[in-house]
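For reference, each letter of the sequence shown is one residue, going 6 to 280 in this note's numbering. In this text, a Cβ means the ideal position worked out from N, Cα and C, and glycines have one as well. A quick write-up on the structure given underneath.
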Amino acid sequence: MENSTEVTEFILAGLTDDPELQLPLFIVFLLIYLCTVLGNVGMTGLILLDSRLHTPMYLFLGHLSLVDFGYSSAVTPKVMAGLISTDKIISHNACGTQFFFFVGFITTESFLLAAMAYDRYAAVCKPLNYTTIMTTKKCNYLNISSYVCGFLNSSIHTGNIFRLSFCKNNIIDHFFCDAPPLLALSCSDTSVSEMVILFVVGFNDIFSIVVILISYLFIFITIMRIRSSEGRQKAFSTCASHLTAVSIFYGSGIFMYLQPSSSHTMGTDKVASVF
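Pasting the structure below:
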C-alpha cells in the first residue's frame, strides 16, 4: 500500500484556544477519564473474579466495559496533554495508531450491542430455553467475533484514510484523529475513500441496527402479551440498561454524521464526540 504523503506530523486544533478554558476542561476530562477507567476496569475485574457473574449478560457487559475503556484511552490522554501544554503535535504514525484503535473499539462496541440485543431477546422471549440458546461457547463466539469484525473494519478504514496524500495544511480541526477532518486535509482525490467509508460503515451499522430492532420487536411483542404489570416491568427492566447504551451510542453517531450539510460543522462534531 503506497503512501506518498509529504506531511510527517499533524497539529490537533483541540477543543479550544482560550487559555482560561483549558485548565477547567483539563480537570473535567481528567475526572471523566478517571471515572471511566475506575468504573470500566472495576466492572471487568469484578466480573472476572466473581464466578456467580459468569453469565452471558455479565460477560457481554464486561466486554462492553473493556471496549469503552479502550476507545477512551485511545483519545482522552492526548486530549488532556493538549489542554495543559502548547505541544499539540501528533506524528503521522501516532495519528494512524490512534485512529486504528479508536475505530476498532467503537466498531466492536456496535457489534457487542447487537449481540447483547440477541441475548436480551433470548432471555425475554425464550426464558425456558435461555441456557440452551445462550451457552458459554456461543457467548464467547459472539464476543470474539465482535472484536474480529471491529478490528478488521478498523484495518480497512485506517488503510483507506492513510493511503491518501497530505501535502498542504496539517492542522486537524478536531481534538483527535478522525476520518472527516483527515479527509478534509487530504490533497488527494477522496471520492473513492468516501465511498469505501460509506459502504463499510453503512453495512456495519445497518447490520447491527437491524439485529437490535428485530430483537426488540420480538421483545416488545412478548412484553405486550404478559398480563401482569409486574411481569411487564420485570421484563422491561432487563432491557433498560442496554436500551440506554444503544440510545447514547447511536444517538451521538446520528448527531455527528447525519446532520444536513448546511448545519454540519466540526464544532458540533467535537461536542458530540465528547459523549
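Exercise. Counting pairs of beta carbons, one from the region 94-106 and one from the region 72-86, are three or more of them closer than 8 Å?
Worked result: Because the criterion of three Cβ pairs below 8 Å is met, the region 94-106 and the region 72-86 touch.
Problem set entry | CB contact below 9 Å: threonine 137 versus chain B | Checking the listed chains, one finds no chain B in this structure; it contains a single protein chain.
Problem set entry | Span of the beta strand (DSSP E) around glutamate 14 | Per DSSP, the unbroken beta strand (DSSP E) holding glutamate 14 starts and ends at 14-17.
Exercise. Nearest to aspartate 194 by CA position, among Cys172, Ala240, Ile32, Ile176, is which residue?
Worked result: Checked all of Cys172, Ala240, Ile32, Ile176; the closest Cα to aspartate 194 is Cys172.
Exercise. Around the C-beta of tyrosine 146, are 16 or more other C-beta atoms found within 10 angstroms, so that it is buried, or is it exposed?
Worked result: Under this definition tyrosine 146 is an exposed residue.
Problem set entry | histidine 68 burial status per 10 Å Cβ neighbour count (16 or more: buried) | Result: buried.
Exercise. Could you check where the beta strand (DSSP E) with serine 96 kicks off and where it finishes?
Worked result: Unbroken beta strand (DSSP E) run through serine 96: 94-96.
Exercise. Around the C-beta of glycine 19, are 16 or more other C-beta atoms found within 10 angstroms, so that it is buried, or is it exposed?
Worked result: The residue is buried, with at least 16 neighbouring Cβ atoms inside 10 Å.
Problem set entry | Chain-order list of residues whose beta-carbon lies under 6 Å from that of phenylalanine 15 (same chain, five-residue window excluded) | These residues qualify, in order along the chain: Ile95, Cys100, Asn175, Ile177.
For this session: Could you pull out every residue in the same chain whose Cβ sits closer than 7 Å to the Cβ of proline 61, ignoring the five residues on either side in sequence?
Result: Setting aside the 5 residues that flank it on each side, proline 61 is surrounded in the same chain by Asp124, Met139, Cys144, each with a C-beta closer than 7 Å to its C-beta; the list follows chain order.
Exercise. According to the neighbour-count rule (16 or more other Cβ atoms, all chains shown, within 10 Å of its Cβ), is proline 186 buried or exposed?
Worked result: It is buried - the Cβ of proline 186 has at least 16 other Cβ atoms within 10 Å.
For this session: Measure the Cβ-Cβ separation of serine 70 and valine 33 and say whether it is below 9 Å.
Result: No, the Cβ-Cβ distance between serine 70 and valine 33 is not below 9 Å.
Problem set entry | the region 124-137 in contact with the region 196-208 per 3-pair CB rule at 8 Å | Contact between the region 124-137 and the region 196-208 is absent: fewer than 3 CB-CB pairs across the two stretches fall below 8 Å.
Problem set entry | Three-way DSSP call (helix, strand, coil) for glutamate 7 in this model | Confidence is the limiting factor: at glutamate 7 the pLDDT is only 47, short of 50, which leaves the residue's position unreliable and the question unanswerable from this model.
For this session: Can you grab the Cα-Cα spacing for the pair threonine 163 / alanine 184, in whole Å?
Result: Threonine 163 and alanine 184 have their alpha carbons spaced roughly 9 Å apart.
Problem set entry | glycine 50 to glycine 109 span [Cα, whole Å] | Rounded to whole angstroms, glycine 50 to glycine 109 spans 22 Å at the Cα level.
Exercise. Going by beta carbon distance, what residues of the same chain come within less than 6 Å of tyrosine 152, once the five residues before and after it are set aside?
Worked result: Shown here for tyrosine 152: same chain residues with a beta carbon closer than 6 Å to its own, the five before and five after excluded, namely Thr113 in chain order.
Exercise. Does the beta-carbon distance from alanine 120 to asparagine 158 come in below 9 Å?
Worked result: Cβ distance not < 9 Å, so alanine 120 and asparagine 158 don't count as in contact.
Exercise. By how many angstroms is the C-alpha of histidine 179 removed from the C-alpha of threonine 137?
Worked result: Taking C-alpha positions only, threonine 137 is separated from histidine 179 by approximately 47 Å.
Problem set entry | Contacts around leucine 35, its chain only, beta-carbon distance under 7 Å, and the 5 residues preceding and following it disregarded | Closer than 7 Å at the Cβ level, and outside the excluded window around leucine 35, lie Met85.
Exercise. Where does asparagine 134 land, buried or exposed, given buried means 16+ other C-beta within 10 angstroms?
Worked result: Exposed, by the Cβ-count rule.
Exercise. Hey, out of His247, Ile228, Ala250, Ser233, whose CA is closest to alanine 240's CA?
Worked result: Ile228 is the residue among His247, Ile228, Ala250, Ser233 whose C-alpha sits nearest the C-alpha of alanine 240.
Exercise. The alpha helix (DSSP H) with proline 132 in it runs from where to where?
Worked result: For proline 132, no alpha helix (DSSP H) run applies, since DSSP gives it neither H nor E.
Exercise. Can you list, in chain order, the stretches of the beta strand (DSSP E) that have 3 or more residues and sit fully within the region 8-67?
Worked result: List check, beta strand (DSSP E) in window: 14-17.
Exercise. Once you ignore the five residues that flank aspartate 73 on each side, which residues in its own chain have a CB closer than 6 Å to its CB?
Worked result: The residues are Asn45.
Exercise. Is the beta carbon of glutamine 238 less than 9 Å from the beta carbon of phenylalanine 181?
Worked result: No.
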